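J.: Residue numbers (this note's numbering), protein chains in the order written: chain A, 67 to 396; chain B, 434 to 772; chain C, -10 to 416.
Where is the CB? At the ideal position from N, CA and C, for every residue including glycine.
Just so you know, these numbers come straight off a predicted model, no measurement behind them.
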Amino acid sequence: MSFGRFVLKRSLQGIGVVWGVVTVVFALRFVTPGSPINAVAPLDASQETRQAIAAELGLDQPLYVQYGQYIFDLLRGDMGFSYIKGQDVTTLVFGRLPATVELAVAASVVAIALAIPLGVISATRRNEPVDYGATLLSLGGISTPNFWLGIMLILVFAVEFNIFNTSGRGVNVGDVALSFVGPEPVFGTLLTWLAYITLPAIALGTYFMALITRLTRSGMLDELSKGYVQAARAKGLPQTLIRYKHALRNTLIPVITVLGLQLGTLIGGAVITEAVFSWPGLGSLVIDSINDRDWPTLQGSLIVIGTSFVFVNILVDVVYAYLDPEVVND
Amino acid sequence: MVSSRVIRNLKKEFRQSGLAKLGLALVVVIVLTAVFAPFIAPHNPTDQQLDQSELPPIGFSETTERTSSQMVDGEIQTVTEEVEITADPDHVFGTDGLGRDMFSRVVYGARTSLAVGVLGTLLAASIGVPVGLLAGYHRGRVDDALMRIADISLAFPSLVLAVALIGLWGRAAVDIPDPFVAAGLAPEMPESFVLPITVVIVVGLVNWVWFARVARGEALSLRGQEYVKASRALGADDNTIILRHVLPNAVTPIIVLGTVQVAAIILLESSLSFLGFSGTTLSWGFDIAQGRDYVSSGQWWIASIPGLAIMLSVIGINLLGDWLRDALDPGIEGEGGAA
Amino acid sequence: MSDAFGSGDAAPTGTPGPDDVLSVRDLSTRFFTEEGQINAVESVSFDLREDEILGVVGESGSGKSVTALSLVDLVETPGRITAGEVWYRDPDLAEEFRDTESVRVDGDHVDLRTVPPRVRRSLRGPSFSVIFQDPMSSFNPSITVGEQIAEAVEVQRRARANPRSTRSRTQGYGLGKYLLDGIVPGRDYTSEESMDRAIDLLGQVGIPDPEERVDEYPGQFSGGMLQRAMIAQALAGEPDVLIADEPTTALDVTIQAQILNLLKEIQADRGMSIVLITHDLGVIAEMCDRVCVMYAGEVVERGTLDSVFEDTVHPYTQGLLGSIPDVDDPQARLEPITGNVPSLVDAEMDDRCYFADRCPKAMESCLDKPPEATVDAAADHGAKCVLADREYDPADALPDDYFGAGPGGDAGADDGNPAATDGGEGE
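1) Measure the alpha-carbon distance for A/Leu368 versus A/Leu318 and round it to whole angstroms.
2) For C/Pro124 and C/Leu231, what's the separation of their Cα atoms in angstroms?
3) To the nearest angstrom, how far is it from the Cα of A/Phe408 to the Cα of A/Gly366?
4) Please compile the residues from chain A whose C-beta is within a distance smaller than 8 Å of the C-beta of B/Ile748.
5) Do B/Ala648 and B/Gly561 have their C-beta atoms within less than 8 Å of each other?
6) Can you tell which of B/Ser625, B/Gly650, B/Leu745 and B/Ser730 has the C-alpha that lies nearest to the C-alpha of B/Phe471?
7) Label C/Ser59 either buried or exposed according to how many other C-beta atoms from any shown protein chain fall within 10 Å of its C-beta, with 16 as the threshold for buried.
8) Just the Cα atoms here: how many angstroms apart are A/Leu325 and C/Glu337?
9) For A/Ile268, collect the residues of the same chain with a Cβ closer than 7 Å to its Cβ; drop the 5 residues on either side in sequence, then sort them by chain order.
10) Classify C/Arg158 as buried or exposed, calling it buried when 16 or more other Cβ atoms lie within 10 Å of its own Cβ.
11) Can you tell me whether C/Pro383 is buried or exposed? The criterion is at least 16 other CB atoms within 10 Å of its CB, across all chains shown.
12) Determine the chain A residues that contact B/Gly532 at a beta-carbon separation under 9 Å, and present them in chain order.
13) Run through chain A and tell me which residues come within less than 9 Å of C/Phe128, C-beta to C-beta.
14) For A/Met145 and A/Val155, what's the separation of their Cα atoms in angstroms?
15) Mind pulling the chain A residues with CB within less than 8 Å of C/Phe121?
16) Taking 8 Å as the threshold (beta carbon to beta carbon), is A/Leu140 in contact with chain C?
17) Starting from the beta carbon of A/Leu303, find every residue of chain C whose beta carbon is closer than 7 Å, and list them in chain order.
18) Assign A/Gly347 to one of two classes, buried (16 or more other C-beta atoms within 10 Å of its C-beta) or exposed (fewer than that).
19) Give a yes or no on whether the minimum CB-CB distance between B/Ile721 and chain A is below 8 Å.
20) Between A/Arg71 and chain C, is any beta-carbon pair separated by less than 8 Å?
21) State the Cα-Cα distance for the pair C/Arg279 and B/Val689, rounded to the nearest angstrom.
22) Within 7 Å: the Cβ of B/Leu628 and any heavy atom of the ligand GTP?
23) Starting from C/Gly68, trace the alpha helix (DSSP H) in both directions and tell me its first and last residue.
24) Judging by CA-CA distance, which residue of C/Arg14, C/Gln26 and C/Asp40 is the nearest neighbour of C/Val264?
25) If you measure from the beta carbon of C/Gln222 to each beta carbon in chain A, is any gap under 8 Å?
26) Go through its chain and collect everything with a Cβ distance to C/Pro199's Cβ below 6 Å, but skip five positions before and after it.
27) Please list the terminal residues of the continuous alpha helix (DSSP H) segment that includes A/Gly216.
28) Check whether chain B comes within 8 Å of A/Gly330, counting only Cβ atoms and requiring the distance to be less than that.
29) I want to see whether chain A comes within less than 8 Å of C/Gly44, judged by CB atoms only; does it?
30) Evaluate A/Tyr273 with the Cβ neighbour count: other Cβ atoms within 10 Å of its Cβ, from every protein chain shown; 16 or more gives buried, anything less gives exposed.
31) So is C/Ala(-7) buried or exposed if we call it buried at 16+ other beta carbons inside 10 Å?
32) With respect to the alpha helix (DSSP H) encompassing B/His571, which residues constitute its N-terminal and C-terminal limits?
33) What are the start and end residues of each continuous beta strand (DSSP E) run of 3 or more residues lying completely inside the region 185 to 211 of chain C, in chain order?
34) Leaving aside the five residues before and after B/Leu757 along the sequence, list all residues of the same chain whose C-beta is less than 8 Å from its C-beta, in chain order.
35) In this structure, does DSSP put C/His20 in helix, strand or coil?
36) Would you tell me roughly how many angstroms separate the C-alpha atoms of C/Leu333 and C/Glu24, rounded to the nearest one?
Right under this line is the structure:
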């Protein structure tokens, strides 16, 4: 199979999964206790409003018509209307998405950039102090609840030392980029951005840093004990080349898969991190929509989260196939 | 299966690894704490003593501004004075904002965490393992369907799905009478233990996929084994083969995954109770949420101590999991750690 | 046991001869494991002559693979070379170190155990190459075969440009460069020239369409083709000594013969010396000029092929010969050697002939450790066995149950960790 066909096949599978995600979210209406209207209408809605909503949602129609209508609306980019927020769900959700993506990307970039070298050093200096340090650090990292870590960071850096901001987003990354356009670069915007994003990014990224360190370390140890490493040594290849070109490459292949699967944990982690730092992202929106019983918003958020997960995993598979061409042939 | 070789490996790995010893010690302490909570806790964890609120842990003291109203020259004046609050030896970890003993709350919190962790894992395994084994063994359409369901299920983050389901279904809890208190052995303690049953069910439903994946993988590789083929050739029916040959061989990775899952579910439970989606108020996550409001005013211990309890428990269980994995099956990697 | 053994009457001693490419003296390699110290290689001595194929034969666990790894300093923790000399003939190297206090030099020979590790490392490739048993696990599955061979070429190219400088070989290839390579494909350690050379080499070892196959991954090669590719890789540095560790064990019988023929051709064309390690006496008979028989980490019998095969002294060698079918006499019953190779755990090794417990001709005198005795000086034939000097006398025989359950009853023998006692064979 060619690389292109592999990508196409994975994309088609991904579309199937997204369809499943949408179906599950549609079905959520019916697992809600009481009438589906309760799931959509605000609690204090009048009888007239309820009837209007029922008619608009087509709740008087047969199920398959409702389902078809739901899918059709989604395809047009219509995720319904939030009566509680008084806003179009699509606008609401996509307004919040960039903040979450920004936080998640910042957290994972820092995590990956720190964890892979740490894991490699830890494996190549096995049983030396640096290995023990990295092992303890990563053990603590995967065992610490991120919301608690967030609060502790606030306690130390914001309350005691008053260095960082603890609430909200300040400026977005686009503004930071814009501040560098023009004759005089301005660092103020960048500093503001850092003041807001640093603590939430650490709180969210620590678990991943720890996880990747562990996976990289054990993967490297595993790879370094393999026959091809011995053979590479026998042919006189320099140590750094054996470690980075040969062993690390093969270590990263399974690490990438696990990361793809753990993306859900990253988004889940973002939900709670946003709650701690009042970060105005999708996570806060999900919590708010549940507390407000704002089901259309919840449904829209779930669809966007599920679809992003599927999309990123396809991306992961494609990277995987690029690193390990054997996958394409399986 | 638990053969003498397995036990030998476990012992060998245990002797060699200081971390395994630490893990086992932590887990034993937590389990004993959870079981014998009424005897260990010095106070009823739900008793509020407002005159003793916000006491710092032993070894610390706290300076607070206290405002009071006094009659000065016939007028009521508000007087603010700096008060030094010292620790009370009766409250080792201090007290929370409502004057409840933090140490007792941490002790009782172990019950909630462990109960949800273990029951949730058992529920997830009892759904995931049979489904995974059947799908992996029969392959074909059942397997395809399972894999698609697993894909869809993985597309929702555990926490988001759990929050959504609890939001839809409400927060139910069951009261389980505490046998020690019922027997009159610890009369001042709470009479019953509140098990947040919705949380147990939801975390089970959310995390079954990990078990299904592992069980399926094992069944897939085992069904090709010669002895399985031989049994089939001898006319054994599929269910017998799954029970007698496939399941026993899949037990090891499932146990290792189960350990990791208990840790993951404890983290998930703490997140849910932090967000207020639990059915009990005696939970480490709930206490952290309470303590969060005191962080900026200086009462750091209310949020810190329950978090340390979570961290130590999860470290203990993870170390136990590492030990089991290294001793039983070096091949499995830490996949199912979804929190 | 002490290290005083191994230098008996006939064992190669003293200075290496001018024909010897490699002279190994009293080489011992031990593994320090949880179960105790494992004496994988025990005072092994032999010479490798110019232009010859030397066979090393023994059961798995006899220490032959560890011997091979010890020669090229590839023994890994918990293993360590604890004693011995490895004299390598290299006039340039000898000149370079002649005045260095710590390095032993003798004429054109240098004792590699005394040179700095950096120098030993730099000899891998241009002086020594290794062909491993399992080609599938000896190639990195995610890098093309051609690139892996080109790497070996590149190592040599850079080594020649600046002899024995580790820096020049590395040439700043670190994490940063790796990351850059990941982002910008094509930036690499290998060059176009080394890839061309890889195609050449693949052609030389008889791989059809080398231009196409050079870009394929190891998984796309058959076992036999991949073993050819490994030979090509080993030839990249034009080494003096080629160590072939069970090069055909993992292959089909029909392919085995092709690979052996290829090795023989290459040896004849290039005049290199080959150490051929195998458990198969048939292969030895086919290929080798001289042979060393290893048992429990020791060389128990050695000499020219004819002498060892015709005038076999050691009952172990006889046992090995007895367990291969004889085409001329198909009626004769095969006689397998009963029992297993001992665990090689230091604490469990009595100071006696290690084979005595399995030996059909074990006598009282076997309870003392036999030194190596000359069998036929002209054929360089020696054996560590009392039977070199005397006939078997049933009157002196040890009772059958002397070693517990008698010959073959040593149940604990296979309890040792085979991977630890015999390097690559566990793969």
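T.: So, to answer that:
1) Cα to Cα, the separation comes out at about 30 Å.
2) Those two C-alpha atoms are separated by around 16 Å.
3) Since the first residue of chain A shown is 67 and the last is 396, residue 408 of chain A is not available in this structure.
4) Result: Leu205, Gly206 and Ser209.
5) B/Ala648 places its beta carbon less than 8 Å from that of B/Gly561.
6) Note that residue 471 of chain B is Pro in the sequence shown here, rather than Phe. For B/Pro471, the nearest C-alpha among the options comes from B/Ser625.
7) Buried: at least 16 other Cβ atoms inside 10 Å.
8) The C-alpha of C/Glu337 is placed about 48 Å away from the C-alpha of A/Leu325.
9) Same-chain partners within the cutoff: Leu219.
10) Note that C/Arg158 has pLDDT 47, beneath the 50 cutoff, so the model's placement of it is unreliable and the number below is only indicative. Answer is buried; the Cβ neighbour count reaches 16.
11) Exposed, since its Cβ has fewer than 16 Cβ neighbours within 10 Å.
12) The premise fails here: B/Gly532 is roughly 21 Å from chain A at the closest Cβ pair, so nothing lies under 9 Å.
13) Among the residues of chain A, those whose CB is under 9 Å from the CB of C/Phe128 are Gly293, Tyr294 and Ala297, following chain order.
14) Between A/Met145 and A/Val155, the C-alpha separation is close to 6 Å.
15) When 8 Å is used as the limit between beta carbons, C/Phe121 is near these residues of chain A: Gly293, Gln296, Ala297 and Ala300, in chain order.
16) No, A/Leu140 lies away from the interface with chain C (no Cβ there is under 8 Å from its Cβ).
17) Simply Glu140 and Val144.
18) Flag for A/Gly347 reads buried.
19) Judged by the 8 Å Cβ criterion, B/Ile721 is in contact with chain A.
20) Chain C, which has no Cβ nearer than 8 Å to the Cβ of A/Arg71, makes this no.
21) When rounded, the distance between both Cα atoms is 53 Å.
22) In the structure shown, the ligand GTP is absent, as is every other ligand, since no ligand is present at all.
23) From DSSP, C/Gly68 is part of no alpha helix (DSSP H) but of the beta strand (DSSP E) over Gly68 to Arg78.
24) Nearest to C/Val264 by alpha-carbon distance, out of C/Arg14, C/Gln26 and C/Asp40, is C/Asp40.
25) Judged by the 8 Å Cβ criterion, C/Gln222 is in contact with chain A.
26) For C/Pro199, the CB contacts under 6 Å within the same chain, skipping 5 residues up- and downstream, are Ile188, Leu191 and Gly192 in chain order.
27) Note, A/Gly216: alpha helix (DSSP H), Asn212 to Leu219.
28) True, the Cβ-Cβ gap to chain B drops below 8 Å.
29) Taking CB atoms only, C/Gly44 has no neighbour in chain A less than 8 Å away.
30) A/Tyr273 comes out buried.
31) Annotation note: pLDDT 38 at C/Ala(-7) (below 50); position unreliable, no value reported.
32) That run of the alpha helix (DSSP H) goes Met535 to His571.
33) Complete beta strand (DSSP E) runs here, min 3: none at all.
34) So the qualifying residues of the chain are Leu443, Ile688, Val689 and Thr692.
35) Checking the displayed sequence, the identity of residue 20 of chain C turns out to be Phe instead of His. The DSSP-derived three-state label of C/Phe20 is strand.
36) Rounded to the nearest angstrom, the two C-alpha atoms are 11 Å apart.
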